[in-house]
């Protein structure tokens, strides 16, 4: 018997490990975005994989080890314009599965696995970076006519003021979930679309939706999209939540000084992007040290202006929102939100209320209430830009023809000089002022620069 046991053990050792049962595929989800499309493959266990691309036609081939190929791969919902379908092909061996993603055009793939988290198990994530992101954005937004209008008007002097509106979360990220199951991502998109309609109906203003569908965009990518659209302002819309149902009310957030300092350093390290901020000056500066010094100066000034403008606008938004809803915070709050980190674009994040509060969830489900919230943001933004329209816009041209300012509470000559980019002495001379004291309600003539 001992010899028999020894023999069996020896044979098992020589035969090697017994093959494990195949790992079944749970499902396949596709989430299109403006610049890429994400494909997520749900798996029951961590799986080794290899992949390669094929051309004419464009395909991405993925080999999954120890995986079965009997799961239905039919896609549901909006898959965008890049991915045609996901299918099986002949695998390397009986213990593996070969997935093929048929594409409509070339894409640069990036694949990685994610460990289980929350309600999701093991996942293989395939990010397909679109070779024609402009086409994808137009397809996702269904806005071809608008894109043509943008191109035709981009070189006009009296251009529109462009407001980028970011609906928080989206796609596989629902955001906070209310007591009755309301998803934050749906509320934010609805308000964003209403706000966009108000801007588009206002002469001299135009909106850009960072996300116009149920797909996810990384927070750091959202200000990049706003910059590509040449936005003058970024408004990110969210709904707050807490572990208890009692907290309620809206709030407005700006970038914290600590995060601003770290972002300033990060931008200074991106030497290849200095020309983006320096414009044509970068082409004539041959000294790298001089270019870095100039970039540091410009980025620093740009960041200071953006943060100051963001704070001024946030106060106006709070003033308008308090007429619609209760406020959780009555003054602008500072935080390290990635969506607010553009150094050259004033950016605010608006929490429209606590979706975790049953009454506020009910309010947010009311279409008229969402319309009022959108209008409060619109009124505040319009009021702000009427005072300080960006150079080159229609509103700036109109302001210069009749440039006056009515002094409001908390304003001083030095503040007005900074806002309008003129000297204090010039304002005093234009208004025959002998001192730096101004009165609330006093109408001042602001000289042109």
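In the working numbering, the protein residues as written are 2 to 450. Ideal Cβ placement from N, Cα and C applies to all residues, glycine included.
Do residue j and residue i come within 8 Å of each other at the CB atom, strictly closer than that value?
{"i": "residue 124", "j": "residue 43", "result": "yes"}
{"i": "residue 101", "j": "residue 62", "result": "yes"}
{"i": "residue 74", "j": "residue 104", "result": "no"}
{"i": "residue 48", "j": "residue 72", "result": "no"}
{"i": "residue 86", "j": "residue 76", "result": "yes"}
{"i": "residue 116", "j": "residue 68", "result": "no"}
{"i": "residue 408", "j": "residue 371", "result": "no"}
{"i": "residue 406", "j": "residue 365", "result": "no"}
{"i": "residue 70", "j": "residue 89", "result": "yes"}
Spatial neighbours of residue i within its chain, please: CB distance less than 7 Å, with the 5 preceding and 5 following residues excluded, ordered by chain position.
{"i": "residue 313", "result": "385"}
{"i": "residue 80", "result": "31 and 33"}
{"i": "residue 159", "result": "394, 395 and 398"}
{"i": "residue 133", "result": "106"}
{"i": "residue 431", "result": "446 and 448"}
{"i": "residue 418", "result": "424, 425 and 428"}
{"i": "residue 327", "result": "249 and 250"}
{"i": "residue 191", "result": "371"}
Please go through the same chain and pick out, in chain order, the residues whose beta-carbon is closer than 6 Å to the beta-carbon of residue i, but skip the five residues on each side of it.
{"i": "residue 435", "result": "none"}
{"i": "residue 447", "result": "404, 406 and 421"}
{"i": "residue 303", "result": "344 and 345"}
Does any residue of chain B bring its CB to less than 8 Å from the CB of residue i?
{"i": "residue 210", "result": "The displayed structure is made up of one protein chain only, and chain B is not part of it."}
Measuring straight from C-alpha to C-alpha, what distance separates residue i and residue j?
{"i": "residue 91", "j": "residue 129", "result": "23 Å"}
{"i": "residue 437", "j": "residue 413", "result": "8 Å"}
{"i": "residue 305", "j": "residue 228", "result": "17 Å"}
{"i": "residue 382", "j": "residue 317", "result": "8 Å"}
{"i": "residue 112", "j": "residue 39", "result": "10 Å"}
{"i": "residue 442", "j": "residue 319", "result": "22 Å"}
{"i": "residue 245", "j": "residue 308", "result": "32 Å"}
{"i": "residue 427", "j": "residue 373", "result": "41 Å"}
{"i": "residue 25", "j": "residue 45", "result": "6 Å"}
{"i": "residue 368", "j": "residue 215", "result": "19 Å"}
{"i": "residue 201", "j": "residue 174", "result": "28 Å"}
{"i": "residue 198", "j": "residue 390", "result": "20 Å"}
For my contact list, residue i and residue j are in at a C-beta cut-off of 8 Å; report their separation, rounded to the angstrom.
{"i": "residue 52", "j": "residue 110", "result": "7 Å"}
{"i": "residue 196", "j": "residue 379", "result": "6 Å"}
{"i": "residue 179", "j": "residue 217", "result": "Contact doesn't hold; Cβ gap of about 20 Å is too wide."}
{"i": "residue 211", "j": "residue 223", "result": "5 Å"}
{"i": "residue 410", "j": "residue 425", "result": "Going by Cβ atoms, the distance from residue 410 to residue 425 rounds to 19 Å, so no, they are not a contact pair."}
Report all residues from its chain with a CB closer than 8 Å to the CB of residue i; omit the five preceding and five following residues, and keep chain order.
{"i": "residue 248", "result": "241, 329, 355, 357 and 358"}
{"i": "residue 324", "result": "377"}
{"i": "residue 161", "result": "154, 205, 206, 207, 394 and 395"}
Within the present structure, is the beta-carbon of residue i separated from the nearest heavy atom of the ligand NAP by less than 7 Å?
{"i": "residue 50", "result": "Questions concerning the ligand NAP fall outside what the structure shown contains, since it holds no ligand whatsoever."}
Task: the region 225-237 touching the region 158-171, judged by at least three CB pairs closer than 8 Å - done: yes
Task: Touch test, the region 350-357 against the region 236-255, Cβ-Cβ under 8 Å, three pairs minimum - done: yes
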